[in-house]
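From first to last, the protein sequence lines are chains A and B.
Numbering (my numbering) for the first sequence: 716 to 918.
Numbering (my numbering) for the second sequence: 716 to 918.
Encoded as structure tokens, the structure appears first; notes follow it.
2 protein chains.
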Amino acid sequence: MARRSDHTKEQIKEMALSAAEKLVTRDGLQGLSARKIAHEIGYTVGTLYLVFENIDELISHVNARTLDMLYESLLAATVSCRQPRTCILAIGRAYVEFATRHPHRWKMIFEHNLAKGVEAPQWYRMKVNRMFELVEQQLQPLLAGQSRKKIAQTAKTLWCGVHGICALAVTNKLEVDDAQSIQTLTDSLINHFVAGIAADIPV
Amino acid sequence: MARRSDHTKEQIKEMALSAAEKLVTRDGLQGLSARKIAHEIGYTVGTLYLVFENIDELISHVNARTLDMLYESLLAATVSCRQPRTCILAIGRAYVEFATRHPHRWKMIFEHNLAKGVEAPQWYRMKVNRMFELVEQQLQPLLAGQSRKKIAQTAKTLWCGVHGICALAVTNKLEVDDAQSIQTLTDSLINHFVAGIAADIPV
DNA sequence: ACCTGAACACCGTTCAAGT
DNA sequence: ACCTGAACACCGTTCAAGT
């Protein structure tokens, strides 16, 4: 058992988060528990409550790290693309790729529901919003003259759609399973949606 | 405590499912437990294991009932519409309406993940598939000449998209909260997607 | 035959007591 | 000051024992 002053609070926090990541990656949210994390880092459960308010806060921090990884992947996908449509396709493919490569980490972001009425903290919402902004940037030229709000709404619409396909595919609720087929669906959604924007139908 | 022969196995099953529905409606999947269900119906936990294999099987049956309710709602939405596009919009609105009216029941369908490698039983998948078929029927005239498989894939693409919007909205992960705004997004997705189909872009 | 009640191996969370 | 370890109120699941 680790004793006093072996590690600073910051170090324990880091050790706990990284142990949690390991456990989630292997067994998903179901396989995560305060006791298992504590055991993994050589402390007792009580210690976790000295550095985290509760298990939900710990999970939020793991999710924040996952969001950072995801954002990096999506950002990387936008560097070598030219037209808006192909950029959006590239972001979509990066999203599918991430979800299928890190299914448990990715799913936990959405499985972890905050207590009723509790809002996610500002820093967390920022991490989510900048993901939508990547899509907004690409939609801008396609929606020239439209308000910022309208563009943001369009990005949400499209991206929630892409997310829905991933979510049902990764949880085996669709009858497609490999990344290839999921990509066919997300490509199709993006292509049709973008074509629909081009057709400029009134909504 | 209920004693022998007070109820048949079928009656206990029905009582348990209906107690579970009540608990889920109020407190969501988190608030559901075998012990609470048993207490609600006046039996001990052990009895539940005489009529259900485990809690997962019980939850699957509650979900099956929710799927039946949902299917009825979607079906009802298709009776008084004329064009494919307006029919799909109507089904989408019925879906949003159901998800926002019965958030816990609706969410549990997707929160409940089967054990790894275990497939949902045939009767369950049928209930899911007939929902997609409602959309396929409406897409058919828009995709005249396309293969059944292609039409099925298009229905999945669109409906997963609609689902994604609902899912993120109902779990407060979007910054829209009332059914009105969700509907704006799903309407937009459907309208753009259908317009994209009409534009007949190659995918 | 039907159901109980206690047991087992787990949870998250708290906090008096030890070093 | 830092961390433990035991307690509390919960889980799902099993099964010998009671009626």
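Heads up, the beta-carbon is just placed ideally off N, CA and C, and yes, glycines get one too.
Within its chain, find whatever has a CB closer than 8 Å to the CB of histidine 827 of chain B; leave out the 5 residues flanking it on each side and keep chain order.
-> Excluding positions up to five away in sequence, the list reads Leu744, Asp771, Ile774, Ser775, Asn778.
Based on Cα-Cα distance, which residue from A:Arg750, A:Asp721, A:Pro818 lies nearest to alanine 734 of chain A?
-> In terms of CA proximity to alanine 734 of chain A, A:Arg750 leads the group A:Arg750, A:Asp721, A:Pro818.
What first and last residue would you give for the alpha helix (DSSP H) that runs through lysine 822 of chain B?
-> For lysine 822 of chain B, the uninterrupted alpha helix (DSSP H) segment begins and ends at 818-826.
Decide yes or no for the touch test of the region 845-853 of chain A against the region 847-867 of chain B: beta carbon pairs closer than 8 Å, at least 3 of them.
-> Output reads no: the region 847-867 of chain B does not touch the region 845-853 of chain A.
Could you have a look at asparagine 769 of chain A and say whether DSSP puts it in helix, strand or coil?
-> If DSSP states are grouped into helix, strand and coil, asparagine 769 of chain A belongs with coil.
Using the C-alpha atoms, what's the distance from leucine 857 of chain B back to glycine 832 of chain A?
-> Glycine 832 of chain A and leucine 857 of chain B: Cα-Cα distance of roughly 42 Å.
Under 9 Å (Cβ pairs) to chain B, residues found in the region 743-773 of chain A | Correct list: Gly743, Gln745.
Below 7 Å between beta carbons: does that hold for isoleucine 824 of chain A and threonine 781 of chain A?
-> Isoleucine 824 of chain A places its beta carbon less than 7 Å from that of threonine 781 of chain A.
So, helix, strand or coil for aspartate 742 of chain B, using DSSP?
-> It is helical.
Given 8 Å, three or more beta-carbon pairs between the region 876-887 of chain B and the region 798-814 of chain B | Contact between the region 876-887 of chain B and the region 798-814 of chain B is present, because at least three Cβ pairs lie under 8 Å.
Spatial neighbours of valine 885 of chain A within its chain, please: CB distance less than 6 Å, with the 5 preceding and 5 following residues excluded, ordered by chain position.
-> Apart from the 5 residues on each side of it in sequence, valine 885 of chain A sits with its Cβ closer than 6 Å to the Cβ of Ala814, Pro818 in its chain, given in chain order.
Can you pull the chain B residues whose beta carbon is under 9 Å from the beta carbon of glycine 807 of chain A, in chain order?
-> What glycine 807 of chain A touches in chain B: nothing, since even the nearest Cβ is about 12 Å away.
Which residues of chain B have a Cβ atom closer than 8 Å to the Cβ of leucine 889 of chain A, listed in chain order?
-> The contacting residues are Lys871, Cys875.
Candidates A:Arg820, A:Ile752, A:Gln798: which alpha carbon is nearest threonine 740 of chain A's?
-> Out of A:Arg820, A:Ile752, A:Gln798, A:Arg820 has the C-alpha closest to the C-alpha of threonine 740 of chain A.
By Cβ distance below 8 Å, which residues in the same chain neighbour lysine 865 of chain A in space, the five residues on each side in sequence not counted?
-> If the five residues before and after lysine 865 of chain A are omitted, its C-beta is found closer than 8 Å to the C-beta atoms of Leu858, all from its own chain and listed in chain order.
Would you grab the beta carbon distance between glycine 876 of chain A and glycine 876 of chain B for me? Rounded to a whole angstrom, and I think it's under 8 Å.
-> With a beta-carbon spacing of about 3 Å, glycine 876 of chain A and glycine 876 of chain B fall inside the 8 Å limit used to define contacts.
Chain B contact for isoleucine 912 of chain A (CB, 7 Å cutoff) | Closer than 7 Å: yes.
Check the Cβ-Cβ distances between isoleucine 880 of chain B and every residue of chain A, and say whether any is below 7 Å.
-> Taking Cβ atoms only, chain A reaches closer than 7 Å to isoleucine 880 of chain B, which makes this a yes.
Comparing the C-beta of serine 775 of chain B with each C-beta of chain A, is any distance below 7 Å?
-> Taking Cβ atoms only, chain A never reaches closer than 7 Å to serine 775 of chain B, which makes this a no.
Whose C-beta lies closer than 8 Å to the C-beta of alanine 791 of chain B among residues of the same chain, with five residues either side of it excluded?
-> Closer than 8 Å at the Cβ level, and outside the excluded window around alanine 791 of chain B, lie Ala809.
Residue range of the alpha helix (DSSP H) that cysteine 881 of chain A falls in?
-> Start and end: 863-885.
Collapsed DSSP secondary structure at tyrosine 758 of chain B in the structure displayed = Correct three-state label for tyrosine 758 of chain B: coil.
Checking contacts by CB at 7 Å: is phenylalanine 847 of chain A closer than that to chain B?
-> Output row for phenylalanine 847 of chain A: interface = no.
Among B:Leu747, B:Leu738, B:Asp742, B:Ile756, the one whose alpha carbon lies nearest that of glutamate 729 of chain B = Glutamate 729 of chain B has its Cα closest to that of B:Ile756, out of B:Leu747, B:Leu738, B:Asp742, B:Ile756.
Applying the criterion that 16 or more other CB atoms from any shown protein chain within 10 Å of the CB defines a buried residue, is lysine 737 of chain A buried or exposed?
-> Exposed, because fewer than 16 other Cβ atoms sit within 10 Å of the Cβ of lysine 737 of chain A.
DSSP state of leucine 858 of chain B mapped onto helix, strand, coil = Of the three classes helix, strand and coil, the one that applies to leucine 858 of chain B here is helix, per DSSP.
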